[in-house]
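Visitor:
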Amino acid sequence: MSVPTGSAPPLTAPASASAEWERKPKTIDANLKDYRAAASTFNWKEVEREFDWSRTGKVNVVHEAVDRHAASRRKHKVALFYTDFERRDEQYTFQDLKVLTSRFAHGLTRLGVKRGDRVATFLPRTPELYIAILGIHRIGAIPVPLFEAFMEQAVLDRLGDSEALACVTTPTLKERIPLDKLPALQHLVLVGGAGSLGTKEVSYQQLIEGSPDWCEPAWLTIDDGLIIHYTSGSTGKSKGALHRQYAMVGHYQTAKWALDLRDDDRFWCTADPGWVTGTSYGIYGPWTLGISSVVIGGRFDPERWYQTIQKYRVTMWYSAPTAYRMLMSAGEAVARRYDLSSLRHICSVGEPLNPEALKWIKKITGLAPHETWWMTETGMQLICNYRSEDFPIGSTGKPFPGTYSTVVDDQGRELPPGQLGHLVVKPGWPSMMQSIWKNPAKYQEYFRIPGWYISGDTAYKDAEGFIWYQGRSDDVIKTAGERVGPFEVESALVAHPAVAEAGVIGKPDEVRGQIIKAFIALRKGYQPSEQLKQEIAEFVKTHLAAHAAPREIDFVEKVPKTRSGKIMRRVLRAWDQGLPVGDTSTMEE
Ligand code: WTA
C-alpha cells in the first residue's frame, strides 16, 4: 500500500464553510455528558453488567433484544413501526416479536437447522426480514443477510461462500438463487406468494402458523457467531466478516452514547439489514436498549422520507450523506411541506459528510448531522462527533470511549497532528470481527502493521484530537454509501461477450460521493457505440446488482496492467481526471 504518509493534508472543509460554521458550546442533556471524563475512565466491563448474560452466563442476542423487554414494562411497547406507504402499515411490540421469532425458530428447527448453521435472508425490507434474523438467532444459527438488489452472481458468491443451509426469500427473489450451483442449500423459505411449492421450498406462513408461541433461545457463549456480513475489498470476491455475540456490548453502548438513544425515542435508521448499519443499528443497538424503531419499505423517495419523520414523529435519524444530498437536490420546498420538528438528533455514516450537505440538513431540521465512522469489519461506531461536544465542521470525530483510533505511518508509528497517514484502530474493541469466513489470510491482512487494525482509510489528526477522514488508500469504491469492490464489477464485465478486458474505478461525484466508471477494451469484431455501453451496463445490473453497474464507460485500446497482470487503477484514475499518469515503469508493454 502506498499512502503518502507524513505529507501535509489538504483542507477538507472549504474556507467558506468554516467561516460560516460557528462552534458553540453545546447543551448537555445527552447520555454522554462529558466525553473527556468518559474517555479516561470508561470500562467495557461496566457495560457487560447491563446484559442478563453477565449474571446468568446464558448468551443469546435475541434474549437481550426481545425476550427481556417482553418480560418487562416494555412488553407492549412498539419495537417496530413499519410501512411501505402502499399496502402495509403495521406495528409490532416486543411481545409480538417474541412470539413471531419463536414460531419461526420452531419452523427452522423442524427443517433441521441447528446452532452454528448459516441461514441467509434475501428479502425486501419488511417485518419478515427482522423476524427472520431474530428467529435465526433464537436457535443459535448465524444469519447471512443479502441485500435485495443483488442479482444472480452476487447471490451465488455469498450463498456459496457461507454454505448457507437455508435461505429465507420471496417467490420473486428466489429466481436469482441458482439452486443447482449451491449444494449446501437445502431449503428455501418463501415469504408470501400462493403458488405451489417446488423442491426444497417451504412456506414461511406455514412455518409460522404451525408453531408454538415460545421457543427458548439456544444458549451460547459470548464468542459464538452473531452474524456474517459480506463486504468488498479492493481485490478478490466479497468476503464474509463474521461477528461474535459479544459485539452486542459495542452496539448497545454506541447506540446509547453516539446515537444518544433514549427510552422515549422513535429511532429511524434508514439502512437495509443487508448492510452492517442495518443490523448493528437497525436491530442490535436499538433493541438491546428497548427503543422503538421505524422501518420503511420501498425505494428512496424524498416525499416519503419526510413523511416518515412526520408520520412517526421520528426523534433520532441515522442516515448517509448520499441520502442527505439527494434530499438537498429535491429542494427546500419539498422539505418545508413536512413537520420535522420531532427530531432531536441526527447522525451520518458511510462516507464523508460534506459541509454543504451538513448545513442544508441543519437548515431544514435545525440540527447538524453528527459523523460516525466505522466499517463492516469494526461492527460498531469507532470515531464520532458527540451530541454534547462541539466539533469543527468536516471533522470525522474522536475515538469512542474505551476504543483508540489514530493515524500512523507505514511502520505503525503515530504521526503528529496535521500529517496524513493510515487510519488505524487498537484491536480489542467489543464488536471487532472475529474472522473472515473461511479466509484466515484475508483476516491477517488487516493486521499487517503490528499492533493495529488497518482500516484502509487515510486521515490526519488535528491538534485538538479530532480525526479528519481523507479517503481510501486502496481501490475500494464507495458509491451512494455502498461499498463495491472493483474486482467484482470487472469480473461481471468480462463475462459480457463484447468485453475483452475491464478496469473499474470510483469517480468523484457530487451526489453519490463516487460513481463507478469502467474502462473497457472490446473484443475483436465489436465496435464502440453508445448502445453497446448501455447494453454492457445493463448486463452488470442484471447479473450483479444495479448499484454495482458502471454509470460511465470509456472504451480503450488496452486496460493498463503491470507486468504481473495487475490492473493499474492509478493510471485509470489519471486518465479519467486528465492528469499525468506518473511512473509507468512497471507497466506491461
Ligand atoms: C467509509 C459502513 C467518512 C470509510 C458502516 C470506511 C466513512 C468505509 C464514514 C466502510 C464516515 C464510513 N466518514 N467515511 N463517517 N463511515 N466511511 O464497511 O471509507 O460499508 O472504510 O461500513 O466507509 O464501509 P462499510
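Take 0 as the starting number for the sequence shown in numbering that gives the first Met the number 0 and just add one per residue. Backbone N, C-alpha and C fix where the C-beta goes; we use that ideal spot for every residue, glycine too.
1) Is Y445 near ligand 1, in the sense that its beta carbon is under 6 Å from a heavy atom of that ligand?
2) At a threshold of 6 Å, does T561 count as lining ligand 1 (C-beta to nearest heavy atom)?
3) Measure from the alpha carbon of P123 to the alpha carbon of each residue in K173, W304, D28, P579, then state which is nearest.
4) Could you say if the segment 392-408 and the segment 365-383 meet the contact criterion of at least three C-beta pairs nearer than 8 Å?
5) Where does A517 sit, in a helix, a strand or coil, going by DSSP?
6) According to the Cβ coordinates, are F146 and G273 closer than 7 Å?
7) A38 bridges to which residues according to DSSP?
8) Given that a residue counts as buried once 16 or more other Cβ atoms are within 10 Å of its Cβ, and exposed if not, what is F446?
9) Smallest Cα separation from G239: which of G297, L31, S341, T230?
10) Using a Cβ-Cβ cutoff of less than 7 Å, which residues in the same chain neighbour L178 once the five nearest sequence positions on both sides are dropped?
11) What is the DSSP secondary structure of T371, counted as helix, strand or coil?
12) Decide if K516 is buried, meaning its Cβ has at least 16 other Cβ atoms within 10 Å, or exposed.
13) Tell me which residues share the same chain as T585 and place their Cβ nearer than 7 Å to its Cβ, disregarding the 5 neighbours each side in the sequence.
14) Looking only at its own chain, which residues have a Cβ that is under 6 Å from the Cβ of T11, when we skip the five neighbours before and after it?
15) How about the segment 145-160 and the segment 544-556: do they share at least three Cβ pairs that are nearer than 8 Å?
16) Starting from W467, follow its DSSP beta bridges and name the residues at the other end.
17) Quick check on this structure: which residue in W20, I135, E21, N42 has the alpha carbon closest to the alpha carbon of F399?
18) Rounded to the nearest angstrom, what separates F121 and F103 at their Cα positions?
19) First and last residue of the alpha helix (DSSP H) that includes W574?
20) For the alpha helix (DSSP H) holding I363, just list the boundary residues, first then last.
21) May I ask you to verify whether the segment 129-149 touches the segment 103-114, counting CB pairs closer than 8 Å and requiring at least 3?
22) Are V651 and P527 close, meaning C-beta to C-beta below 7 Å?
23) For the candidate residues G378, V77, F84, A69, whose alpha-carbon lies nearest to that of K97?
24) Between the segment 402-418 and the segment 48-60, can you find at least three pairs of beta-carbon atoms closer than 8 Å?
25) In terms of alpha-carbon separation, which member of G330, T276, E587 lies closest to I227?
26) Quick check on the DSSP output: what are the complete beta strand (DSSP E) runs of length 3 or more inside the segment 132-162, in order along the chain?
27) Secondary structure at Q380, three-state DSSP: helix, strand or coil?
28) Please indicate yes or no: does the CB of S454 lie closer than 6 Å to some heavy atom of ligand 1?
29) For P301, I'd like the list of residues in its chain whose CB is within less than 6 Å of its CB, leaving aside the five on either flank, ordered along the chain.
30) Alpha carbon to alpha carbon, what distance is there between I552 and E534?
31) Going by DSSP in three states, P126 sits in which element: helix, strand or coil?
32) So, are the CB atoms of A163 and V188 less than 7 Å apart?
33) Just to confirm, does R137 get its C-beta within under 6 Å of one of the non-hydrogen atoms of ligand 3?
34) Sorted by chain position, which residues of the same chain lie with C-beta nearer than 6 Å to Y385's C-beta, five sequence neighbours on each side aside?
35) For K540, which residues in the same chain have their Cβ closer than 6 Å to its Cβ, ignoring the five residues on either side in sequence?
36) Between the Cα of F84 and those of D461, N353, W304, A497, spot the shortest distance and give me the residue it belongs to.
Guide: According to the structure shown:
1) Working through the sequence shown from its first residue, we reach residue 445 at position 446. Answer for Y445: no, Cβ out of range of ligand 1.
2) Position 562 of the sequence shown, counted from the first residue, corresponds to residue 561. No, since every heavy atom of ligand 1 falls outside the 6 Å radius drawn around the Cβ of T561.
3) Your numbering for residue 123 matches position 124 in the sequence shown. Just measuring C-alpha positions, the residue of K173, W304, D28, P579 sitting nearest P123 is K173.
4) yes
5) As a position in the sequence shown, residue 517 is number 518, starting the count at 1. Strand.
6) Translated into the one-based positions of the sequence shown, residue 146 becomes position 147. Translated into the one-based positions of the sequence shown, residue 273 becomes position 274. Going by C-beta atoms, F146 is nearer than 7 Å to G273.
7) Indexing the sequence shown from 1 puts residue 38 at position 39. Answer is none; A38 lacks a bridge partner.
8) The sequence position of residue 446 within the sequence shown is 447, counting from 1. Note on F446: under 16 other CB atoms within 10 angstroms of its CB, so exposed under the neighbour-count rule.
9) Translated into the one-based positions of the sequence shown, residue 239 becomes position 240. For G239, the nearest C-alpha among the options comes from T230.
10) Counting from one through the sequence shown, the residue named residue 178 turns up at place 179. Within the same chain, L178 has close Cβ partners L184, K199.
11) Here residue 371 refers to the residue found at position 372 when the sequence shown is read from its first residue. Note: T371 maps to strand in three-state DSSP.
12) Here residue 516 corresponds to residue number 517 of the sequence shown, with the count starting at 1. The residue is buried, with at least 16 neighbouring Cβ atoms inside 10 Å.
13) The count along the sequence shown starts at 1 and reaches residue 585 at position 586. Answer for T585: T561, R562, listed in chain order.
14) For the purposes of this step, residue 11 is identified with residue 12 of the sequence shown, where counting begins at 1. Caution applies to T11, whose pLDDT of 49 falls short of 50 and renders its modelled position unreliable; the value that the coordinates give is listed next. Within its own chain, the residues whose Cβ lies closer than 6 Å to the Cβ of T11, once the five positions on either side in sequence are excluded, are G393, W467, listed in chain order.
15) yes
16) The residue you call residue 467 lines up with position 468 of the sequence shown. The partner list for W467 (beta bridge, DSSP) reads Y459.
17) For the purposes of this step, residue 399 is identified with residue 400 of the sequence shown, where counting begins at 1. Considering only alpha carbons, the answer is N42.
18) Residue mapping note: residue 121 aligns to position 122 of the sequence shown, counting from 1. Residue mapping note: residue 103 aligns to position 104 of the sequence shown, counting from 1. Going by the C-alpha atoms only, they are around 16 Å apart.
19) Here residue 574 refers to the residue found at position 575 of the sequence shown. Here the alpha helix (DSSP H) through W574 covers 568-576.
20) Residue numbering aside, residue 363 sits at position 364 when the sequence shown is read from its first letter. That run of the alpha helix (DSSP H) goes 354-364.
21) yes
22) The shown model of the chain, from 0 to 588, leaves out residue 651, and the question about it has no answer.
23) Here residue 97 corresponds to residue number 98 of the sequence shown, with the count starting at 1. Per the Cα distances, A69.
24) no
25) By 1-based counting over the sequence shown, the position of residue 227 is 228. Cα-wise, what sits closest to I227 is T276.
26) Annotation: the segment 132-162 contains the following complete segments of the beta strand (DSSP E) (minimum length 3 residues), in chain order: 141-145.
27) Within the sequence shown, numbered from 1, the residue matching residue 380 stands at position 381. Residue state, collapsed to three classes: coil.
28) The residue given as residue 454 occupies position 455 in the sequence shown. Yes - ligand 1 has a heavy atom lying nearer than 6 Å to the Cβ of S454.
29) Locating residue 301 in the sequence shown gives position 302, counting from the first residue. Closer than 6 Å at the Cβ level, and outside the excluded window around P301, lie L326, A329, V333.
30) Position 535 of the sequence shown, counted from the first residue, corresponds to residue 534. Position 553 of the sequence shown, counted from the first residue, corresponds to residue 552. The alpha-carbon atoms of E534 and I552 are separated by roughly 11 Å.
31) Translated into the one-based positions of the sequence shown, residue 126 becomes position 127. Three-state DSSP puts P126 in a helix.
32) Here residue 163 refers to the residue found at position 164 when the sequence shown is read from its first residue. Here residue 188 refers to the residue found at position 189 when the sequence shown is read from its first residue. Cβ distance not < 7 Å, so A163 and V188 don't count as in contact.
33) Looking for ligand 3 in the displayed structure turns up nothing; the ligands present are ligand 1.
34) Numbered from 1 along the sequence shown, position 386 holds the residue referred to as residue 385. Result list for Y385: L31, Y34, in chain order.
35) What you label residue 540 is simply residue 541 of the sequence shown in a count that begins at 1. Closer than 6 Å at Cβ, skipping near neighbours: A548.
36) What you label residue 84 is simply residue 85 of the sequence shown in a count that begins at 1. It is W304 whose Cα lies nearest to the Cα of F84.
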